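Colleague: Numbers in our numbering are just positions in the sequence shown, counted from 1, shifted up by 126.
Once you've had a glance at the structure underneath, I'll fire off some questions.
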Amino acid sequence: MNLALFDLDHTLINGDSDVEWTRFMISRGLLDGDHHNRTNDAFYQDYLDGTLDIQAYLAFQVAPLARYDRATLDRLHREFMAERIFPVIPRKARERIAEHKAAGDLLMIITATNRFVTAPIARELGVDNLIAIELEEDGEGKFTGRPSGVPSYREGKVTRLMAWLAERGETLDSYGKSYFYSDSRNDIPLLSKVTDPVAVNPDDTLRAHALAHGWPVISLRD
């Protein structure tokens with residue numbers, strides 16, 4: 127069996143689900159647009175530059191979730207999926223997932239976006255395994271507005287994946303091949319660990335790195 131790992135944002139979807147969630151909440155009048163757009167844009171530029179302070183970003187991004195109960199958040203997320211996510215899932219991404227499923231591979235999405243935002247997207251894509259930013263909950267299942275555990279970002283993706291494999295009594299060597307599809311320079315640490323790294327619509331840094339190392343460069347956009 128092979129292992130097929132996928133980044134989510136700008137890899138399997140044509141956009142950033144975290145950014146789109148913020149824009150969706152602003153469109154509903156649930157967040158202050160000027161403040162959040164300005165701050166989010168600054169964090170996103172840091173992400174593109176490879177200089178993101180992940181803890182500061184998470185503190186900013188997940189705090190608003192604590193304002194609402196889970197029933198309200200789940201209702202909002204269904205609307206978010208219909209308005210913001212379904213339109214940005216490319217046919218080619220679904221086809222690549224289907225190819226790996228047909229080959230009998232084990233599939234996983236591993237993302238630096240939080241589980242609340244990404245779990246329904248993973249389900250829509252038909253991927254059962256997900257490593258994402260975990261969120262702290264109170265005793266009644268309400269989000270506290272704080273992240274939990276090791277962030278699945280840069281080297282943290284490697285740490286989280288190795289821990290997940292260890293829980294299964296496995297390593298990457300347990301699989302004949304291990305694929306990882308990503309668009310971002312921030313994923314070079316994990317791309318460098320798998321047997322078959324694939325740069326998908328890569329940023330300039332990842333494109334140059336991929337070409338220098340003989341990694342395939344593809345597009346999953348329609």
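Ideal placement from N, C-alpha and C gives every residue a C-beta, glycine not left out.
Predicted model only: the values in this text are computed from it and were never measured.
1) Do ARG353 and ILE257 have their C-beta atoms within less than 7 Å of each other?
2) Any idea if LEU337 is buried or exposed, counting beta-carbon neighbours within 10 angstroms, 16 or more meaning buried?
3) Here's a check: name, in chain order, each residue in its chain whose Cβ is nearer than 6 Å to the Cβ of ALA189, leaving out the five neighbours to either side.
4) Does VAL243 come out as helix, strand or coil in the three-state DSSP assignment?
5) Please say whether ALA219 and LEU317 have beta carbons closer to each other than 7 Å?
6) Just confirm the distance between the C-beta atoms of PRO323 and ILE180, as a whole number of angstroms; I'd bet it's less than 8 Å.
7) Does the Cβ-Cβ distance between ASP348 and PRO216 come in under 7 Å?
8) For the candidate residues ASN327, ASN255 and ILE314, whose alpha-carbon lies nearest to that of ARG294?
9) Do the region 303-310 and the region 130-142 make contact, defined as three or more Cβ pairs closer than 8 Å?
Modeller: Considering the structure as presented:
1) Coverage of the chain is limited to positions 127 through 348, which leaves residue 353 absent and any answer about it impossible.
2) Exposed, by the Cβ-count rule.
3) Once the five neighbours on either side are set aside, the close Cβ partners of ALA189 are GLY271.
4) Collapsing the DSSP output to three states places VAL243 in a helix.
5) Cβ atoms of LEU317 and ALA219: not closer than 7 Å.
6) Contact between PRO323 and ILE180 is ruled out by a C-beta separation of about 22 Å, above the 8 Å threshold.
7) With a cutoff of 7 Å on beta-carbon distance, ASP348 and PRO216 are scored as near each other.
8) Closest option to ARG294, Cα to Cα, is ASN255.
9) Between the region 303-310 and the region 130-142 there are three or more C-beta pairs closer than 8 Å, enough to call the two in contact.
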